[in-house]
Amino acid sequence: MDIRTHTITLETEGFNDIQDLTPQVAALIGGEGLVDGSVLLFVPGATGGLTTIEFESGAVSDLKQAIERLAPQGIGYAHDARWGDGNGFAHVRAALLQPDLEVPVAAGRLTLGTWQQIVLLDFDNHPRQRSIVCQLRGTFDV
Amino acid sequence: MDIRTHTITLETEGFNDIQDLTPQVAALIGGEGLVDGSVLLFVPGATGGLTTIEFESGAVSDLKQAIERLAPQGIGYAHDARWGDGNGFAHVRAALLQPDLEVPVAAGRLTLGTWQQIVLLDFDNHPRQRSIVCQLRGTFDV
Amino acid sequence: MDIRTHTITLETEGFNDIQDLTPQVAALIGGEGLVDGSVLLFVPGATGGLTTIEFESGAVSDLKQAIERLAPQGIGYAHDARWGDGNGFAHVRAALLQPDLEVPVAAGRLTLGTWQQIVLLDFDNHPRQRSIVCQLRGTFDV
Numbered sequence: 001m002d003i004r005t006h007t008i009t010l011e012t013e014g015f016n017d018i019q020d021l022t023p024q025v026a027a028l029i030g031g032e033g034l035v036d037g038s039v040l041l042f043v044p045g046a047t048g049g050l051t052t053i054e055f056e057s058g059a060v061s062d063l064k065q066a067i068e069r070l071a072p073q074g075i076g077y078a079h080d081a082r083w084g085d086g087n088g089f090a091h092v093r094a095a096l097l098q099p100d101l102e103v104p105v106a107a108g109r110l111t112l113g114t115w116q117q118i119v120l121l122d123f124d125n126h127p128r129q130r131s132i133v134c135q136l137r138g139t140f141d142v
Numbered sequence: 143m144d145i146r147t148h149t150i151t152l153e154t155e156g157f158n159d160i161q162d163l164t165p166q167v168a169a170l171i172g173g174e175g176l177v178d179g180s181v182l183l184f185v186p187g188a189t190g191g192l193t194t195i196e197f198e199s200g201a202v203s204d205l206k207q208a209i210e211r212l213a214p215q216g217i218g219y220a221h222d223a224r225w226g227d228g229n230g231f232a233h234v235r236a237a238l239l240q241p242d243l244e245v246p247v248a249a250g251r252l253t254l255g256t257w258q259q260i261v262l263l264d265f266d267n268h269p270r271q272r273s274i275v276c277q278l279r280g281t282f283d284v
Numbered sequence: 285m286d287i288r289t290h291t292i293t294l295e296t297e298g299f300n301d302i303q304d305l306t307p308q309v310a311a312l313i314g315g316e317g318l319v320d321g322s323v324l325l326f327v328p329g330a331t332g333g334l335t336t337i338e339f340e341s342g343a344v345s346d347l348k349q350a351i352e353r354l355a356p357q358g359i360g361y362a363h364d365a366r367w368g369d370g371n372g373f374a375h376v377r378a379a380l381l382q383p384d385l386e387v388p389v390a391a392g393r394l395t396l397g398t399w400q401q402i403v404l405l406d407f408d409n410h411p412r413q414r415s416i417v418c419q420l421r422g423t424f425d426v
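Chains as they are written, first to last, in this note's numbering: chain A, 1 to 142; chain B, 143 to 284; chain C, 285 to 426.
Below you can see the structure in the form of structure tokens.
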């Protein structure tokens, strides 16, 4: 077994921006030749999250609304009262959705379902650049 | 360290069906002789999830109600409006609960608490067969 | 690659007690000399959870309120009706927040953001001692 750690970088819009990371993750697996093992994904920073979903506009919109119900904007956050950041809702959403996701890899492929994609969720209140740690672990053919 | 990937298959009913996977996972650990390491569990498909709970009917019922509050049936989902699947609530629940769970193994045993079981959650809107990827990683005695 | 499993022990107060584990986890990484790999954290028991957050009193208070909304005290739980434990809310919160968290380690450091800490959440309804499994995996310099 071996470990190879990469970073995926992308531009995000904030406010529940949800982006499909599957092509970038699959490209790293193919490029490194990971055959059997897993990919651990992690978002540094306290206002992002990772999960999987069928990445089509309907389900993505439904998820955004559910997250808005979990930690609504505009209900008043102690974080904002203390620091004036205005992104208290983002901190709560990130803590609930969590920054890590791990997907097994078998025979060189992510074991995702056909209609299941890996997504980054950016909860912050402004556009930013995000770096996602993408750690491949297992047996490599090169 | 080594990696051995298996699949656990079971029949599910949908609509927050929650099933205890602990015996099957423990049997794989024992059968393979995993001594130290971990088990990564992953549900392929965008309408399932994994977590742990005290698997008794009261707590299981309470969790089902909490999930119903998170993403109620009958509030209207964009996924359903677009695709007519009728399982928009299942997609949202799966994205929130997430498809992966990892449990350490030490001295040949899952490090679960006494009253803590590994459970699969099936959020879909019909019975189906589920396959859960069960990847053992670590040192094996055989 | 190698695996080294430790336990972090601490006293918790229950009722959404949230404690920063980052110093203990970082100390284990430094003490063992883990260079590249990851740390898998896991809370045995069905009334605890793990996540990350900016560990300042505002955001922590905001998260506690969001968890109270997810599974309020005082709405009646089947677990309590059946067993009289009075901690049905804790079981539901733990199942939703989940007992596992994994953070990559690169060049000897946790890949956390600057304002991101690893936290234990204790949802139970009384003070207790908690043991958290902390499994280091990867390449070590000693």
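Yeah, the Cβ is synthetic: ideal placement off N, Cα and C, and Gly gets one too.
For K348 of chain C, the nearest candidate out of C:R393, C:P383 and C:A374 (CA to CA):
Locating residue 348 of chain C in the third sequence gives position 64, counting from the first residue. Nearest of C:R393, C:P383 and C:A374 to K348 of chain C, Cα basis: C:A374.
Would F197 of chain B and R235 of chain B qualify as a contact pair, given that the criterion is a beta-carbon distance under 8 Å?
Numbered from its first residue, the second sequence carries residue 197 of chain B at position 55. Numbered from its first residue, the second sequence carries residue 235 of chain B at position 93. Not in contact: F197 of chain B and R235 of chain B (Cβ atoms no closer than 8 Å).
Taking 6 Å as the limit between beta carbons, can you name the residues of its chain near H410 of chain C, skipping five residues before and five after?
Numbered from 1 along the third sequence, position 126 holds the residue referred to as residue 410 of chain C. Correct list, in chain order: G298.
With respect to the alpha helix (DSSP H) encompassing V202 of chain B, which residues constitute its N-terminal and C-terminal limits?
One-based indexing of the second sequence puts residue 202 of chain B at position 60. S199 to L212 is the extent of the alpha helix (DSSP H) around V202 of chain B.
Cβ of T52 of chain A less than 8 Å from any chain B Cβ?
Locating residue 52 of chain A in the first sequence gives position 52, where the first residue counts as 1. True, the Cβ-Cβ gap to chain B drops below 8 Å.
Hey, is E102 of chain A's beta-carbon within less than 8 Å of any beta-carbon in chain B?
Taking the first sequence and counting its residues from 1, one reaches residue 102 of chain A at position 102. Taking Cβ atoms only, chain B reaches closer than 8 Å to E102 of chain A, which makes this a yes.
Could I get the ranges of all uninterrupted alpha helix (DSSP H) runs contained in the region 291 to 317 of chain C, with 4 residues as the minimum, in chain order?
306 to 316
Using 8 Å as the threshold, is the C-beta distance between V275 of chain B and T147 of chain B below it?
Indexing the second sequence from 1 puts residue 275 of chain B at position 133. Indexing the second sequence from 1 puts residue 147 of chain B at position 5. The answer is yes: Cβ separation under 8 Å.
Pick from A:R82, A:Q135, A:T47 and A:F140: whose alpha carbon is nearest that of L41 of chain A?
Position 41 of the first sequence holds residue 41 of chain A. That would be A:Q135, whose Cα lies nearest to the Cα of L41 of chain A.
If you reduce the DSSP assignment to three classes, tell me which class V181 of chain B lands in.
Residue 181 of chain B sits at position 39 when you count from the first residue of the second sequence. V181 of chain B: strand per DSSP, three-state reduction.
DSSP puts G280 of chain B in a beta bridge; with which residues?
Position 138 of the second sequence, counted from the first residue, corresponds to residue 280 of chain B. G280 of chain B pairs with B:D144 and B:G179.
Since Q116 of chain A meets chain B, which of its residues come closer than 8 Å, beta carbon to beta carbon?
By 1-based counting over the first sequence, the position of residue 116 of chain A is 116. Near Q116 of chain A (Cβ distances below 8 Å), the residues of chain B are P186, G187, A188 and P241.
Do we get a CB-CB distance below 8 Å when we pair Q419 of chain C with the residues of chain B?
Position 135 of the third sequence, counted from the first residue, corresponds to residue 419 of chain C. So yes, Q419 of chain C belongs to the interface.
Here's a check: name, in chain order, each residue in its chain whose Cβ is nearer than 7 Å to the Cβ of A169 of chain B, leaving out the five neighbours to either side.
Here residue 169 of chain B refers to the residue found at position 27 of the second sequence. Same-chain partners within the cutoff: there are none.
On the three-state DSSP scale, how would you describe D364 of chain C?
Residue 364 of chain C sits at position 80 when you count from the first residue of the third sequence. Helix at D364 of chain C.
Excluding sequence positions up to five away, which residues of its chain have a Cβ less than 7 Å from the Cβ of D141 of chain A?
As a position in the first sequence, residue 141 of chain A is number 141, starting the count at 1. Contacts found: G33 and V35.
Taking 8 Å as the threshold (C-beta atoms), are L294 of chain C and G333 of chain C in contact?
Residue 333 of chain C sits at position 49 when you count from the first residue of the third sequence. Residue 294 of chain C sits at position 10 when you count from the first residue of the third sequence. No, they are not a contact pair.
How about I3 of chain A: is its C-beta nearer than 8 Å to some C-beta of chain C?
Taking the first residue of the first sequence as position 1, residue 3 of chain A is located at position 3. Answer yes: the Cβ-Cβ gap between I3 of chain A and chain C drops below 8 Å somewhere.
Count the other CB atoms within 10 Å of the CB of S38 of chain A; is the residue buried (16 or more) or exposed (fewer)?
Sequence index remark: in the first sequence, residue 38 of chain A carries index 38 (1-based). With 16 or more other Cβ atoms within 10 Å, it is buried.
Own chain partners of Q161 of chain B with C-beta closer than 6 Å, once the 5 adjacent residues on each side are dropped
Here residue 161 of chain B corresponds to residue number 19 of the second sequence, with the count starting at 1. The residues are L262.
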